[in-house]
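In this note's numbering, the protein residues as written are 119 to 327.
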């Protein structure tokens with residue numbers, strides 16, 4: 119019997135080691151370097167269309183240049199002044215990229231039931247999206263996804279924790295049809311136009327002879 123238990127435990131350990139990044143509970147976008155982009159379906163879509171690298175780079179650029187996270191009071195989904203200020207900055211950044219889509223992820227702390235927190239996280243994501251729309255961002259470029267609820271805390275505690283009560287905004291892909299490029303070349307053009315063009319020339323660089 120003991121030998122059987124050891125074999126079962128070993129098999130479970132091997133199973134865990136074989137898990138892909140998408141199977142692990144991590145902050146949305148927190149493992150972009152490993153290809154974990156929101157969820158496996160989204161990741162696969164971006165890979166097949168050649169857009170993954172451009173989306174990852176734009177997400178990094180967005181996080182570096184605008185506050186991509188806002189926080190909430192306990193058991194609330196309304197936006198306080200600090201959250202609205204952050205979303206105004208998000209909207210200003212998003213307006214620079216008219217053919218890029220964004221996704222908002224809702225989160226809660228660990229207080230309350232899982233079902234309630236799932237709903238609360240979604241309300242928070244929708245509140246953020248609605249505010250961005252009020253700032254002139256087309257709703258077609260924004261989506262509030264089914265929230266992660268309490269499943270991905272930044273701080274592991276069952277107490278009230280403001281840092282866990284948040285939404286995170288990330289690049290989710292690219293609009294199609296404007297311009298009419300339906301393959302990976304579209305992503306490359308977006309990246310070269312909005313990211314590559316912002317790179318500064320190296321000091322002392324000169325043109326070719």
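Glycine residues also receive a C-beta, built at the ideal position from the N, C-alpha and C atoms.
Meets three-Cβ-pair contact criterion under 8 Å: the region 168-179 and the region 282-294:
yes
Any chance the region 212-220 sits against the region 228-235, with 3 or more Cβ pairs inside 8 Å?
no
Between the Cα of residue 224 and the Cα atoms of 197, 207, 184, 209, which residue gives the shortest distance?
197
Given 8 Å as the limit, is there contact between the region 180-196 and the region 263-271, that is, 3 or more CB pairs closer than that?
no
Identify whether residue 380 lies in helix, strand or coil by the three-state DSSP scheme.
Residue 380 falls outside the range modelled here, since the chain spans only 119 to 327, and no answer is possible.
Check for me: the alpha helix (DSSP H) holding residue 203 runs from which residue to which?
199-212
Consult DSSP for residue 284 and reduce its assignment to one of helix, strand or coil.
strand
Using the C-alpha atoms, what's the distance from residue 257 back to residue 250?
8 Å
Name the residue from 178, 177, 183, 194 whose alpha carbon lies nearest to the alpha carbon of residue 240.
194
Nearest CA to the CA of residue 259: which residue from 282, 247, 199, 277?
247
Report the three-state DSSP secondary structure of residue 262 (helix, strand or coil).
strand
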